[in-house]
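Participant: Below is a structure I'd like to ask you about.
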Amino acid sequence: MSPFRRTGSGLWLAILGVLLFAAGAGILLASPRHRALYYGEPPAVVAPAAGPSQVVAAVGSGKVPYPDALGRLRVRIADREPTRLPAEGAPPGWTLKEFAGHASIELVRADGRLAARLRSERASFAMHRDVVVELREFPYLSWTWKVTRLPAGGDVRDAARDDQAAQVYVIFPRWPSPRTKSDVVGYIWDSRAPVGTRLKSPRADNVRIVVVESGGARLNEWRAYERNVAADYAALFGRQPPRVGKLAVMVDSNDTRGEAEALFGDLVFARTRQRSVEIPTPVLR
Numbered sequence: 007m008s009p010f011r012r013t014g015s016g017l018w019l020a021i022l023g024v025l026l027f028a029a030g031a032g033i034l035l036a037s038p039r040h041r042a043l044y045y046g047e048p049p050a051v052v053a054p055a056a057g058p059s060q061v062v063a064a065v066g067s068g069k070v071p072y073p074d075a076l077g078r079l080r081v082r083i084a085d086r087e088p089t090r091l092p093a094e095g096a097p098p099g100w101t102l103k104e105f106a107g108h109a110s111i112e113l114v115r116a117d118g119r120l121a122a123r124l125r126s127e128r129a130s131f132a133m134h135r136d137v138v139v140e141l142r143e144f145p146y147l148s149w150t151w152k153v154t155r156l157p158a159g160g161d162v163r164d165a166a167r168d169d170q171a172a173q174v175y176v177i178f179p180r181w182p183s184p185r186t187k188s189d190v191v192g193y194i195w196d197s198r199a200p201v202g203t204r205l206k207s208p209r210a211d212n213v214r215i216v217v218v219e220s221g222g223a224r225l226n227e228w229r230a231y232e233r234n235v236a237a238d239y240a241a242l243f244g245r246q247p248p249r250v251g252k253l254a255v256m257v258d259s260n261d262t263r264g265e266a267e268a269l270f271g272d273l274v275f276a277r278t279r280q281r282s283v284e285i286p287t288p289v290l291r
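With the working numbering applied, the sequence shown corresponds to residues 7 to 291, in that order.
Quick look at the structure:
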């Protein structure tokens, strides 16, 4: 079940932006660096000569990464690798939010890469982290995931079956009321809705969803995606995007009362399209 729906117990869940910013909004506002980045005030840290003329991204608590030689900002699935794997719980740098049931998260070495495995048994939960990115500089987001189990009968178009095994959410804080005004763009692997499906949450006008993968034909395969988030935001909301404020990855199977499982790798913002990323051809509907 998406966090924009009603649970079986009848309690309303706040939209993803509300819940994810509830814990971090105070920290974000309290940090001069985050305020400077979001409001466009002169930043306190100046990038090195080889980097951009101003700080354009901040990931985690106090870290200011600079683009690599390929013009990319990497958001790692774990800030550091534990001495022993698998390691239970949200990886270093990420925070867990449970919406329903109990989360099962492991940091693992899978197919030669570090990945976070999220398992849902009648549960709904997300991992999130602060990521302030200026999309005018870095409009492209790429990521990898591998789905090993889809929630049987899940369908984002049906509120009663709104479960997905793999979800990536880009969250845009809208001050001064991030709890109620933050915009959200979600990219999902759905069990039934066709690739290219775009829809607005019927209970949250500030949430838009894009289906980037569908069905079980590519289960147990690492899949790579790239989206022009700036263009998606403009198309979905009809205006130019503010700065990104947070990223989240999520799995849920509480509506269908079944199981779902997915592995997530790093996420990367880039100035230009990455030729090495395999991009499934969307079928717009």
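Even glycine gets a Cβ: it sits at the ideal position worked out from N, Cα and C.
Every value quoted in this text rests on a predicted model; they were computed, and no experiment measured them.
Ends of the beta strand (DSSP E) at residue 114?
Facilitator: Note, residue 114: beta strand (DSSP E), 110-116.
Participant: Which residues bound the beta strand (DSSP E) around residue 275?
Facilitator: Per DSSP, residue 275 belongs to the beta strand (DSSP E) from 265-276.
Participant: Keeping to the same chain, check which residues put their C-beta closer than 6 Å to that of residue 93; ignore five residues upstream and five downstream.
Facilitator: Excluding sequence neighbours, residue 93 sits near 113.
Participant: If you run the structure through DSSP and keep just helix, strand and coil, what is residue 186?
Facilitator: Residue 186: helix per DSSP, three-state reduction.
Participant: Report yes if the C-beta distance between residue 271 and residue 149 is below 9 Å; otherwise report no.
Facilitator: Yes. Within cutoff.
Participant: Leaving out the 5 sequence neighbours to the left and right, which residues in its chain are closer than 6 Å to residue 274 when beta-carbon positions are compared?
Facilitator: 78, 80, 148, listed in sequence order.
Participant: Is residue 220 closer than 9 Å to residue 213 when the C-beta atoms are compared?
Facilitator: No, Cβ-Cβ distance for residue 213 and residue 220 is not below 9 Å.
Participant: For a test of the three-state rule: what should DSSP assign to residue 144, helix, strand or coil?
Facilitator: Here residue 144 sits in coil by DSSP.
Participant: Measuring CB atoms only, is the segment 165-178 touching the segment 256-267, in the sense that at least three cross pairs come out at less than 8 Å?
Facilitator: Result yes; three or more Cβ-Cβ pairs closer than 8 Å.
Participant: Rounded to the nearest angstrom, what separates residue 152 and residue 229 at their Cα positions?
Facilitator: Their Cα atoms are separated by approximately 6 Å.
Participant: Quick one: measure Cβ to Cβ for residue 163 and residue 199, integer angstroms, because I've assumed they're closer than 8 Å.
Facilitator: Yes, they are in contact, since the Cβ atoms of residue 163 and residue 199 sit about 5 Å apart, within 8 Å.
Participant: Considering just the uninterrupted stretch of the beta strand (DSSP E) at residue 79, what are its terminal residues?
Facilitator: Segment 78-81, the beta strand (DSSP E) holding residue 79.
Participant: Looking at the strands, I want to know which residues DSSP matches up with residue 255.
Facilitator: Residue 255 is bridged to 133, 174.
Participant: Provide the residue(s) that pair with residue 196 in DSSP beta bridges, ordered along the chain.
Facilitator: 220, per the DSSP bridge assignment.
Participant: Tell me, to the nearest whole angstrom, how far the beta carbon of residue 277 is from that of residue 144; I am working on the premise that it is less than 8 Å.
Facilitator: Indeed they touch by this definition, with Cβ atoms about 6 Å apart.
Participant: Which residue or residues does DSSP assign as beta-bridge partners of residue 128?
Facilitator: BP columns for residue 128 are empty, so no partner.
Participant: Hey, out of 108, 120, 99, whose CA is closest to residue 90's CA?
Facilitator: Residue 90 has its Cα closest to that of 120, out of 108, 120, 99.
Participant: Bridge partners of residue 151, per DSSP?
Facilitator: Paired residue(s): 229, 270.
Participant: Check each candidate in 146, 110, 191, 156 and name the one with the smallest Cα separation from residue 95.
Facilitator: Nearest of 146, 110, 191, 156 to residue 95, Cα basis: 110.
Participant: Can you tell me whether DSSP reads residue 166 as helix, strand or coil?
Facilitator: Correct three-state label for residue 166: helix.
Participant: What residue range is occupied by the uninterrupted alpha helix (DSSP H) comprising residue 237?
Facilitator: Start and end: 235-243.
Participant: For residue 11, which three-state DSSP category applies?
Facilitator: At residue 11 the pLDDT is 45, less than 50, meaning the model places this residue with poor confidence and gives no usable figure here.
Participant: Based on Cα-Cα distance, which residue from 191, 240, 241 lies nearest to residue 210?
Facilitator: Taking only the C-alpha atoms, the option nearest residue 210 is 191.
Participant: Around the Cβ of residue 242, are there at least 16 other Cβ atoms within 10 angstroms (buried) or fewer (exposed)?
Facilitator: By the 10 Å Cβ count, residue 242 comes out buried.
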